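Mapping of the sequence shown onto the working numbering: residues 3 to 456, in sequence order.
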Amino acid sequence: MPRVYIKTYGCQMNERDTEQVSRMFVERGYTMTGSDADADVVLINTCSVRDQAEQKALGKMGMVRRRRIPMVTGFMGCMAQSRGPELVEKAAVDLVVGTQKYHRVVDYVDQIIRSKEAQLMDDERFSIVDIEEEEGSQNSIRDHEVAPQQGAAFVSIMQGCNMKCTFCIVPYTRGAERSRPIAQIVDEVRQLAHKGVREVTLLGQIVNLYGRHEFPALNGKSPFVQLLEAVHEVDGIERIRFTSPHPIGYKQDLIDAFRHLPKLCEHVHLPLQSGSDEILKRMHRPYTAQSFEELVARIREARPGIAITTDIIVGFPGETEAHYQQTRDLVQRVAFDNAYIFRYSKRRGTPAAEMEEALQVSEQEKERRNQDLLGLVNELAYPRYRELIGQRVEILCEGPSKTDKTRLMGRTRTNRIVVIEGRAERLVGRLFEVQIENWANFTLFGSAVLDAEG
Ligand code: SF4
């Protein structure tokens, strides 16, 4: 049977979608391969959040096709959704599949292979483009390929976003918010636990507003909190995370969940984007710097020691030095545990891309603000790493370290990376304590503390 290679760019949701498609290929008798060099089918699951991500995907496909033309080539995901048929012309691929059609990919590849075999003597090109919406497509991302000793897994609970932040392409590539039923998600988590998974991360573009259009609040609890409580009941699951949330989704019931659901890990990602109310308004982010700060205080009060990370955009159209200083001041006061800082770049098809040229901030100035803010974030975050030296923390060991394959890595409940020495067959997939001995650049180093059986 043909061999399939899928390259994935972008977020964890894309990784999860790729896992689903891979699983469907395997069920249909195809073989997955880790290299495009020997693949008959080469697919790229694309991201559109930054222009660079689109260029990378196009560059990768160009490289594959220059070396050798596989039997089937195609794009899936966000760039496929936003560019559609244009990609067949531009990149000469056979298949373009949007974000609501992942479950059709295998059928389409089958069709293309059959058509190519039947038309061996015919040079007419056959291609398939499907970027239609499909009701219920959010329910199709539900199967897993659980590897031996796999301790952590991602579970896609919803698709799409209705918020329409002016810089963001997601509402146009992923469509409107659509959530899966609680019972279906819990069943998926139960199966993962049965296969040895100890930690689940619930995924959605606006995850803490899960179910708001489909399911009612019960006893003052939003559908998202109802879901968290139901997942919390699953035996074998010991850690629960979620990403990516919106600040406005942290209502009191969710903050209270951090008090009464101990499996919820001590980490929240809270995208700030800007510390200036004027810029937040332009971004169409419905909160103020003050309400954001109050939210941080309420979360820290509910779960002391919780790590808070954020996303910030510098150089959004119209951002003056004064606006930037407001962001800087807020970062100083909040002291995030880490921050992902992005220089604003135009995304075709978003409202911000249409904002006047006169409002654009120069690349040089964006870079200066980026470096300045990075320096501040590090200065505030590093002491928390230093303080951990000599302490014991629990990690879930995930596998070999990305930077040093001879060592293992895991994550603390606060989502900090810890690198340790040890034997993979004994430690991967397990939760245990680590004595922290050192740190460097957002990574902790330590030794596993194991009982007699460990
Ligand atoms: S809430 Fe997130 S996904 Fe939705 S439009 Fe805003 S940035 Fe994009």
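All residues carry an ideal CB built from backbone N, CA and C; glycine is no exception.
This structure is a prediction, so every number in the text was calculated from the model and none was measured.
- Straight across, the Cα-Cα distance linking G61 with D96 is about 16 Å.
- Exposure of H196 is indicated by the presence of fewer than 16 other C-beta atoms within 10 angstroms of its C-beta.
- Straight-line spacing of the CA atoms in S276 and E321 works out to 9 Å.
- The beta carbon of H215 is closer than 7 Å to those of E179 in its chain, skipping five residues each way along the sequence.
- In the structure shown, R200 adopts coil according to DSSP, grouped into three states.
- Note on geometry: alpha-carbon atoms of A185 and P249 lie some 26 Å from one another.
- With respect to E240, R200 sits close: the two C-beta atoms are nearer than 8 Å.
- The segment 335-347 and the segment 361-381 touch, with no fewer than 3 CB-CB distances between them shorter than 8 Å.
- Of all C-beta pairs linking the segment 144-157 to the segment 104-123, fewer than three are shorter than 8 Å, placing the two stretches out of contact.
- Cα atoms of A324 and Q193: separation of roughly 52 Å, rounded to the nearest angstrom.
- Membership of N47 in the beta strand (DSSP E) is indicated by the continuous run V43 to T48.
- In terms of Cα proximity to A55, the closest of T35, G76 and M81 is M81.
- As the crow flies, the alpha-carbon of V108 is around 40 Å from that of L220.
- Annotated as distal: M160 and P173, with beta-carbon spacing of 8 Å or more.
- Here the C-alpha atom of I171 lies approximately 23 Å from the C-alpha atom of E21.
- What you get when you keep residues with a C-beta closer than 6 Å to any heavy atom of ligand 1 is C163, M165, K166, C167, C170, V172, P173, Q207, I208 and H248.
- For E439, the uninterrupted beta strand (DSSP E) run begins and ends at L433 to A442, by DSSP.
- In the DSSP assignment, F77 falls within the beta strand (DSSP E) that extends over V74 to G79.
- Considering only S129, A360, K265 and D258, the residue with the shortest C-alpha distance to G238 is K265.
- It is roughly 30 Å from the alpha-carbon of G12 to the alpha-carbon of G448.
- Secondary structure of R243 (DSSP, three-state): strand.
- An exposed status is given to D406, since fewer than 16 other beta-carbon atoms sit within 10 Å of its beta-carbon.
- Classified as buried, T10 has 16 or more neighbouring CB atoms from the shown chains inside 10 Å of its CB.
- If only uninterrupted alpha helix (DSSP H) runs of at least 4 residues are considered, those enclosed by the segment 151-179 are 172-175.
- For N380, the enclosing alpha helix (DSSP H) stretches over residues E365 to R388.
- Sequence-distant Cβ neighbours of F294 in its own chain, meaning closer than 7 Å and more than five residues away, are P249 and L274.
- Rounded to whole angstroms, the separation of the alpha carbons of D42 and V74 is 6 Å.
- Cβ atoms of N340 and A383 come within 8 Å of each other, at about 6 Å.
- Exposure of R30 is indicated by the presence of fewer than 16 other C-beta atoms within 10 angstroms of its C-beta.
- Pairing V44 with G100, the inter-Cα distance amounts to about 16 Å.
- Sequence-distant Cβ neighbours of G251 in its own chain, meaning closer than 6 Å and more than five residues away, are N210 and L211.
- Of the residues assessed, G307 falls on the exposed side of the cut-off, its CB having fewer than 16 other CB atoms within 10 angstroms.
- For E231, no pairing in a beta bridge is given by DSSP.
- Per DSSP, F447 is one residue of the beta strand (DSSP E) stretching across T445 to V451.
- Separation of the CB atoms of V379 and C399 is rounded to 28 Å, and the pair is thereby denied contact status at 8 Å.
- Less than 8 Å separates the beta-carbon of S278 from that of Q328.
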